[in-house]
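Last residue of the sequence shown: number 290 in the numbering used here, and the count goes up by one each step with no gaps.
For glycine and all other residues, C-beta sits at the position ideal for the given N, C-alpha and C.
The structure displayed is predicted, hence computed values, not measured ones.
To start, the structure under review is shown below, and the notes come after it.
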Amino acid sequence: MDVGNIGFVVAGLVVGFIVGMTGVGGGSLMTPILLWFGINPAAAVGTDLLYAAITKSGGVLVHRKNDNIDWRITGWLALGSVPAAGLTLLFLHNLHADTAAMNSIIKNALGVVLLLTALAVLFKKQVLAFAQRHAGDSFHFSGPKLNGLTVATGAILGAMVALTSIGAGALGTVALFVLYPFLATRRLVGTEIAHAVPLTLVAGLGHASMGNMDWGLLGYLLLGSLPGIYVGSHLAGRIPDGVLRPCLALMLAMIGYKLVF
């Protein structure tokens, strides 16, 4: 294993550790790191999508065993996200001949979504407090209107994830908290993870079909991330959330700003 591959293992270890401690989706950290290593944006996104599908699959098994998944909500989200991901992949496929244009679009979109993710991480508590305060009034939707909003949310997440590999984690969880303020937190988190696996798998395989995939790189990332997630999850809560979240949000905002501007 040469020095470059050791770097990918270490990157997987660091990202896995942070994900285990904070629960923030690995894509918001892994894709920018891959760009820093010199991986082109399309390959970075494609590789990270399958990386996310594999690493989150274990989480689905745990959450299903603990009855932490609302499959009805997962279904409504997927009804919007999977077709939206397919349309986004079709758009990228039509750009595939112009590699420079495709990489430029992905890079700029990645920067925008990172800035949104930074805001979601930083103001998550305030958004949750607002949603719970207005859970019983006209702000809260139900029935067909709620189902329609869930499908629309899934569509937005599907397009973002297929284009940038980011969005199904921090943004998806906050969106579910706003739409379903009465649902227990553990079930919201489990539902988001259950939705993220098929979405990232479909999007990742779509990118792989276009050649936007480095299978060797994927193996090295998993080699580091799996033990990193295990250790990080056991250390969760050791660093105060009031310190950890602002630092993480600042880091994501800086990376996003650099990619956009």
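Please classify residue i: is it buried, with 16 or more other beta-carbons within 10 angstroms of its beta-carbon, or exposed?
i    : result
A158 : exposed
T214 : exposed
L279 : exposed
N97  : buried
Y259 : exposed
S194 : buried
A107 : buried
D243 : buried
By Cβ distance, which residues of its chain are closer than 6 Å to residue i, with the 5 residues on each side in sequence left out?
i    : result
A113 : A184, G187 and A188
S241 : Rather than Ser, the amino acid found at residue 241 in this sequence is Asn. Only A71, A72 and G75 meet the Cβ criterion.
P61  : I284
S86  : V226
Y249 : N34, F37 and V38
On a Cα-Cα basis, can you pick out the residue from the options that is closest to residue i?
i    : options                   : result
Q155 : V207, V111, A138 and G196 : V207
P70  : L205, A191 and I98        : A191
G196 : I134, S110, L124 and L212 : S110
R162 : I47, P210 and G248        : P210
F292 : I258, G235 and W244       : Summary: the structure shown does not reach residue 292, with the chain confined to residues 30 through 290, and so no result is reported for it.
T103 : A181, Y249 and V260       : A181
D77  : Y259, G219 and G245       : G245
L64  : G219, N137 and G115       : N137
P173 : I47, R101, G115 and D96   : R101
T229 : V43, T84, I68 and A129    : T84
V289 : A129, Y249, I134 and A160 : I134
G115 : S171, G233 and A129       : G233
C276 : L118, T117, I47 and L251  : I47
N1   : L247, L251, P256 and M239 : Absent from the structure is residue 1, since the part of the chain shown begins at 30 and ends at 290.
If I measure Cβ to Cβ from residue i and keep anything under 7 Å in the same chain, skipping five residues before and after, which residues do I get?
i    : result
N176 : W105
V203 : A149, K153 and V156
G36  : F66
L281 : S57, L143, T146, A147 and V150
L217 : T202, L205, F206 and Y209
Using a Cβ-Cβ cutoff of less than 8 Å, which residues in the same chain neighbour residue i once the five nearest sequence positions on both sides are dropped?
i    : result
A237 : G75 and L79
K287 : G140
V39  : G253
L251 : G41, Y80, I83 and T84
At least one CB of chain C closer than 8 Å to the CB of residue i: is that the case?
i    : result
L124 : In summary, chain C is missing from the structure at hand, where a single protein chain is found.
What are the start and end residues of each continuous beta strand (DSSP E) run of 3 or more residues lying completely inside the region 187-275, in chain order? none
Which complete beta strand (DSSP E) runs does the region 36-119 hold, if anything under 3 residues is left out? none
Check whether the region 90-97 and the region 214-232 touch, using three or more Cβ-Cβ pairs below 8 Å as the test. yes
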